[in-house]
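Residue numbers (our numbering): 58 to 408.
Cβ atoms here follow ideal geometry from the backbone N, Cα and C, with glycine treated the same way.
Here is the structure we will look at.
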């Protein structure tokens, strides 16, 4: 069998990715446990939760965790519902195991959904561990081999939504891969231009850092993460759909971040100060660097520049045109300029 290009779609546990990352430990993880069960009241099983917190930080194993819920009706029956419990953590020794988190899921589920465990009939039980690396998207390490989806590390360290990230980038990935083949631009360096540095992806790491407590019990107040989330979403809701919607779709933009952070400092100054104190100078300096890159990218990939680059690409030889187009696209997506607010449908109102 021969091929001009191998697409690695084997996810985060791809053996090719393991070789490319050379055994590097992940920088963050999200543990998810849950189930799909029958026995929920049909009249109440009409909505979903994207992220729901019903408690402050608590101790799992021997260290603090902040649990969040996700839930939605299952399609098989009006009385079936899927519920997940998840938490963010750094991959350090001493963190709770998946088994310990699953035990907490069964303990907390009745309080969250208002139903006794004995009244539920389990259809399936789910658990998983999603990891993320700051060195993402993963630069191609081998000629004629390219990662896509979870294998490429293009998913957000907040949502870990590899499918959603691929859906967002599919309009870019398809033509870019076709252009690479047409130009015979299949070296590792040339393929890396399809999944280049994404400034907004790196900027999202600060938000994950604020969602995972340190190992030491009592290092953060139990209500800190809940306060940050409530305050942030209040500000985004006040600023409207143009701020809220892209964030929920894992698209960080300069304008949305400025409005949200500025609003947080005005409306909840004590929360903003506590964030600065809890996270420390190094993560903040790293965030400002990548935010600055987002500002730069917003200028480089502005609509007039994209229109001009389209004409330039057509005039260049295929290999050079391919490279220019990929650079502009990389900055466009890395600064969130692929999102078009005017094309968005109205957000459903909460019940």
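- Message: Is the separation between the beta-carbon of residue 227 and that of residue 64 shorter than 7 Å?
- Response: Here residue 227 is taken as the residue at index 170 of the chain shown, counted from 1. Here residue 64 is taken as the residue at index 7 of the chain shown, counted from 1. Cβ distance not < 7 Å, so residue 227 and residue 64 don't count as in contact.
- Task: Put residue 288 into one of helix, strand or coil per three-state DSSP.
- Result: For the purposes of this step, residue 288 is taken as residue 231 along the chain shown, with counting starting at 1. Helix at residue 288.
- Integer Cβ distance of residue 186 from residue 74, believed to fall under 8 Å: One-based indexing of the chain shown puts residue 186 at position 129. One-based indexing of the chain shown puts residue 74 at position 17. Not quite, the Cβ-Cβ distance comes to about 15 Å (not below 8 Å), so this is no contact.
- Task: Just grab the DSSP bridge partners of residue 175 for me.
- Result: If you number the chain shown from 1, residue 175 lands on position 118. BP columns for residue 175 are empty, so no partner.
- residue 269: which of 311, 297 and 121 sits nearest, CA to CA? Numbered from its first residue, the chain shown carries residue 269 at position 212. It is 121.
- Beta carbon of residue 197, beta carbon of residue 233: below 7 Å? Along the chain shown, read from residue 1 onward, the residue named residue 197 stands at position 140. Along the chain shown, read from residue 1 onward, the residue named residue 233 stands at position 176. Residue 197 places its beta carbon 7 Å or farther from that of residue 233.
- Query: How is residue 239 classed by DSSP in three states: helix, strand or coil?
  - Reply: Translated into positions along the chain shown, residue 239 becomes position 182. Correct three-state label for residue 239: helix.
- Task: Out of 59, 183, 116 and 358, point me to the one whose CA is closest to residue 90's CA.
- Result: Counting from one through the chain shown, the residue named residue 90 turns up at place 33. The option with the nearest alpha carbon to residue 90 is 183.
- Message: Measuring straight from C-alpha to C-alpha, what distance separates residue 114 and residue 158?
- Response: One-based indexing of the chain shown puts residue 114 at position 57. One-based indexing of the chain shown puts residue 158 at position 101. Going from the Cα of residue 114 to the Cα of residue 158 covers about 13 Å.
- Among the residues of its own chain, which have a CB less than 6 Å from the CB of residue 284, if the five just before and after it don't count? Numbered from 1 along the chain shown, position 227 holds the residue referred to as residue 284. If we look at residue 284 and ignore the five residues flanking it on each side, its Cβ neighbours are 328.
- What residue from 274, 235 and 289 has the CA that sits closest to residue 62's CA? Locating residue 62 in the chain shown gives position 5, counting from the first residue. Nearest of 274, 235 and 289 to residue 62, Cα basis: 235.
- Message: Can you confirm whether residue 344, when its beta carbon is compared against all beta carbons of chain D, has any partner nearer than 7 Å?
- Response: As a matter of chain content, chain D is missing from the structure shown, which is built from one protein chain.
- Could you pull the start and end residues of the alpha helix (DSSP H) that residue 264 belongs to? On the chain shown, residue 264 is found 207 positions in, with the first residue counted as 1. 262-266 is the span of the alpha helix (DSSP H), which, as asked, contains residue 264.
- Identify the continuous alpha helix (DSSP H) that holds residue 65 and give its terminal residues. Position 8 of the chain shown holds residue 65. It is not in any alpha helix (DSSP H) - residue 65 instead sits in the beta strand (DSSP E) that spans 63-65.
- For residue 308, name the three-state secondary structure that DSSP assigns. Indexing the chain shown from 1 puts residue 308 at position 251. Secondary structure at residue 308: coil, using DSSP grouped into helix, strand and coil.
- Query: For residue 331, which of 282, 69, 294 and 359 has the nearest alpha-carbon?
  - Reply: Along the chain shown, read from residue 1 onward, the residue named residue 331 stands at position 274. Considering only alpha carbons, the answer is 282.
- Task: Would you kindly work out how many angstroms separate the C-alpha atoms of residue 323 and residue 257, rounded to a whole number?
- Result: As a first step, residue 323 is located in the chain shown; it is residue number 266 there, counting from the start. As a first step, residue 257 is located in the chain shown; it is residue number 200 there, counting from the start. Going by the C-alpha atoms only, they are around 24 Å apart.
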